Structures are given as structure tokens and as C-alpha cells.
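See structure below.
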Amino acid sequence: MILQRDNIPNLDQISSQMGELVGAETTEEFRKFIAYYQQCQAGANEIGTKLDNLDSEYQMRDNHNPIHHMETRMKAPASLFKKLDKKQLPKTFDSIHDHILDVAGIRVITNYLSDIDTVADALTSQSDITVLKRKDYINHPKPSGYRSLHLVVSVPVFRTDGPVDTPVEIQLRTVGMDMWASLEHKLRYKTDVDPDKVVKYGDQLRGYAKELNGIETNLQTIFKKLQD
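Here the sequence shown is numbered in full-length UniProt numbering, starting from 1 and rising by one per residue.
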């Protein structure tokens, strides 16, 4: 299993985007933001370690790795401010701390459909994990055809002054779902794509999402029969 750390800004990049934060000119407000940002990154690391341990256990016990790979990411300050604008909230540290639960995120790519529930259930059953939000886009896909299981969990991060519960967003999807989502994201969010192509290919992708779900279901059936 591969753990990729993507889109994690360094301190200079964070500082350059802090101009919109109310009170950022004060050392205290800036310090609080940096400390919380690091705390959220540590939360994602904690979740990554838990998932890695679970994957290793399944490999030893069942001779099967449910996790193909994982990717961690941190929202850049500019993205956080855009989210605050969308929520019509002031651009303050307290707004980020109290209202944004996906400062840190980890995407878990599984090999088969059933692996999604296997991994999600094993993780969320751990005594120090609290599920804050759950959105099942696998059984209830978005109109675009997007499928994935989204969780927001709270995990304790152990700091020098004690443990602090920290939110982390987790997206679980299969390799096929991830490939589809990557292409759909390019179609929807690349600003230079002809609008007519967005409509045309969007309709095609919606159909392919259904076909892909059927294919992955059949592949899973074959895999399970081989395991018997």
C-alpha cells in the first residue's frame, strides 16, 4: 500500500495566503492558526497510521489488502477562506476552528466495493474514533454519477499539553471510482473546457458511472468466489 502526501502547503505558502484572515497581522491569531493547522495534519497522520495497521492485519489474516493506496491532503488557507465566504462566515480563526471540519483529509482507495465498508467499519469501531458526519454517495450517488463514501471523524491528537480531539475528513472509493472522479473533476473544474463539451461528456460520464458500478460488482463476485 502506498501513502501519498499531496497538497500540503509549507509554512511560507501558508504565510503568503494569510492576508484574508481577520487579525492575521497579530502574532497571536497567526500562531493559533498555524498550531491548529499542524494539529489537523497530525490528525490525518493518526488516521493514516490506523488504516495502515488495519490493512496489514487483513493481509496477514486473509491474504488480501483491502486498501490499494491512500492520499492525504491539507486545505490551503485560500480554499478555507473561499469556504467561509460560501458559508457567509467571517474570515477568522474561530470560524475555521468551529465550522470547517475538512481542514485535513485522507482519501482511501480500495481494491473492491466490499472493501469500502470493511475498512470504514473497522476504523469507526475503534474506541477513540467518533463519527461526526457520514454521507453515502455509493448507495445514493450524486446526480453527476459521483460515488464515494464520505466520513468526518474525530481522532485524538496527543500534544505536549494533552490529547485534543481533531476532525479529519475521509473519502473511501474504489480504484474505478477514483479514476472516474478524477476525470469528472477535470471536466467540471477546468475553466478552459468548452461548455458544450461539459454537457456532452458529463452525460457520457454519468452513463459510464453506472456501467462501472456494474463491472466492479461483477469483479467483486469473481474475487469472492476465488476466495472460497
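Note that the Cβ used here is the ideal one computed from N, Cα and C, for glycine as well.
What you are looking at is a predicted structure, and each value in this text was computed from that prediction instead of being measured.
Which same chain residues end up closer than 7 Å to residue i when comparing Cβ atoms and leaving out the 5 residues on each side of it in sequence?
i: valine 131; result: Thr124, Leu151, Val153
i: tyrosine 58; result: His64, Asn65, Pro66
i: lysine 135; result: His150
i: lysine 32; result: Phe93
i: threonine 217; result: Leu113
Given that a residue counts as buried once 16 or more other Cβ atoms are within 10 Å of its Cβ, and exposed if not, what is residue i?
i: leucine 51; result: buried
i: leucine 205; result: buried
i: residue 235; result: Any property of residue 235 remains undetermined from this structure, which presents the chain solely from 1 to 228.
i: phenylalanine 158; result: exposed
i: proline 77; result: buried
i: valine 96; result: The residue you asked about is not valine; residue 96 is isoleucine in the sequence shown. So isoleucine 96 counts as buried.
i: glycine 214; result: exposed
i: glutamate 211; result: exposed
i: glutamine 126; result: exposed
i: leucine 80; result: buried
i: tyrosine 189; result: exposed
i: residue 289; result: Any property of residue 289 remains undetermined from this structure, which presents the chain solely from 1 to 228.
i: glutamine 41; result: buried
Kindly say whether residue i, judged by its beta-carbon, lies nearer than 7 Å to any beta-carbon of chain D.
i: aspartate 102; result: Looking at the structure shown, chain D is missing, and only one protein chain is on hand.
Where does the unbroken alpha helix (DSSP H) through residue i begin, and where does it stop?
i: glutamine 171; result: No alpha helix (DSSP H) contains glutamine 171, which is instead part of the beta strand (DSSP E) from 162-174.
i: serine 95; result: 93-99
i: serine 56; result: 27-62
i: isoleucine 116; result: 113-124
i: lysine 142; result: Here lysine 142 belongs to no alpha helix (DSSP H), and DSSP marks it neither H nor E.
i: valine 198; result: 195-227
For residue i, which residues in the same chain have their Cβ closer than 8 Å to its Cβ, ignoring the five residues on either side in sequence?
i: serine 148; result: Tyr137, Ile138, Gln171, Leu172, Arg173, Met177, Ala181
i: glutamate 169; result: Leu101, Asp102, Ala104, Gly105, Ile106, His150, Leu151, Val152
i: leucine 183; result: Leu205
i: alanine 122; result: Leu54
i: residue 233; result: Residue 233 lies beyond the stretch modelled for the chain, which goes from 1 to 228, so this question has no answer here.
i: tyrosine 198; result: The question names tyrosine, but residue 198 is valine in the sequence shown. Leu187, Arg188, listed in sequence order.
Which residues in the same chain as residue i place their Cβ atom closer than 6 Å to its Cβ, once the five residues preceding and following it in sequence are excluded?
i: aspartate 128; result: Pro156
i: proline 141; result: Arg147
i: isoleucine 222; result: none
Inspect the beta-carbon positions of residue i and residue j and report whether they are closer than 7 Å.
i: glycine 43; j: threonine 166; result: yes
i: aspartate 115; j: proline 163; result: no
i: phenylalanine 93; j: glutamate 29; result: yes
i: tyrosine 201; j: leucine 187; result: yes
i: lysine 75; j: leucine 84; result: no
i: glutamine 220; j: leucine 54; result: no
Tell me the residue span of the beta strand (DSSP E) that contains residue i.
i: lysine 82; result: Looking at the DSSP string, lysine 82 is not in any beta strand (DSSP E); the run it does join, the alpha helix (DSSP H), is 77-86.
i: proline 156; result: 149-159
i: leucine 89; result: It is not in any beta strand (DSSP E) - leucine 89 carries neither H nor E in the DSSP assignment.
i: aspartate 136; result: 130-136
i: valine 108; result: 104-110
| said: Quick check: the stretch 103-121 against the stretch 60-71, are at least 3 beta-carbon pairs closer than 8 Å? | reply: yes
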